[in-house]
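Reading the sequence shown from the start, the letters are residues 342 to 469 in my numbering. Every residue, glycine too, gets a C-beta built ideally from N, C-alpha and C. Okay, so here's the structure we're looking at.
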Amino acid sequence: MDVERFFEEMPFADLLGVEVTEVEDGRAEGRVEMREELSWNADRQMAHGGVTFTLADTVGGAALVSLVDQPVPTVDMRIDYLEAGTGDLRAEADVVRCGSDVGVVDVAVYAEDDETQVADARGVYKTG
342 MDVERFFEEM PFADLLGVEV TEVEDGRAEG RVEMREELSW NADRQMAHGG VTFTLADTVG
402 GAALVSLVDQ PVPTVDMRID YLEAGTGDLR AEADVVRCGS DVGVVDVAVY AEDDETQVAD
462 ARGVYKTG
């Protein structure tokens with residue numbers, strides 16, 4: 342399975358501009374370029390929580406797909422928002438567990454410009 346192509350062709354990720362930039366051996370990275378329509382604030386570009394969540398979920402799934410070579414539907418995801426995302430966002434995901442039924446992935450989301458961590462997430466995905 343071509344993991345990067347699979348995520349490039351995902352309609353919702355494409356709508357938001359989520360890009361999976363690196364994928365291999367249970368690790369993935371991705372980004373989203375901040376735009377006015379992704380903001381929750383009309384006066385200042387600040388990423389809506391749903392954008393941050395979607396980035397974390399997509400990149401987390403990509404990390405796991407790199408190991409199981411098939412789509413992995415999200416079972417559950419918990420996210421803690423730590424700071425406002427005021428610019429482009431970048432995510433790094435690492436697989437914690439890859440089981441025959443479920444996999445667990447930790448994801449950190451950063452402000453791309455200053456390396457401030459804006460969210461910490463853990464996703465559970467169906468692997469079998």
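Taking the alpha carbon of residue i as the reference point, which residue from the options has its own alpha carbon closest?
i      : options                           : result
Phe347 : Glu374, Gly464, Thr468 and Val406 : Val406
Val361 : Asp421, Asp417 and Glu345         : Glu345
Met342 : Phe353, Glu365, Ser441 and Asp447 : Glu365
Val448 : Glu377, Glu378, Arg431 and Lys467 : Arg431
Val416 : Leu357, Glu350 and Tyr466         : Tyr466
Gly367 : Val413, Val392 and Thr427         : Val413
Does the distance from the C-beta atom of residue i to that of residue j stay below 9 angstroms?
i      : j      : result
Val359 : Leu408 : no
Ala452 : Glu433 : no
Gly401 : Ala460 : no
Val446 : Asp455 : no
Ala404 : Ala354 : no
What I want to know is whether the C-beta of residue i ends up closer than 8 angstroms to one or more non-hydrogen atoms of the ligand MN.
i      : result
Leu423 : Only the bare structure without any ligand can be found here, which leaves the ligand MN out of the picture.
Using 10 angstroms around the beta-carbon of residue i, count the other beta-carbons present and answer buried if the total reaches 16, otherwise exposed.
i      : result
Asp421 : exposed
Ala383 : exposed
Phe394 : buried
Asp398 : buried
On the DSSP bridge assignment, give the partners of residue i in chain order.
i      : result
Ala388 : Ser380
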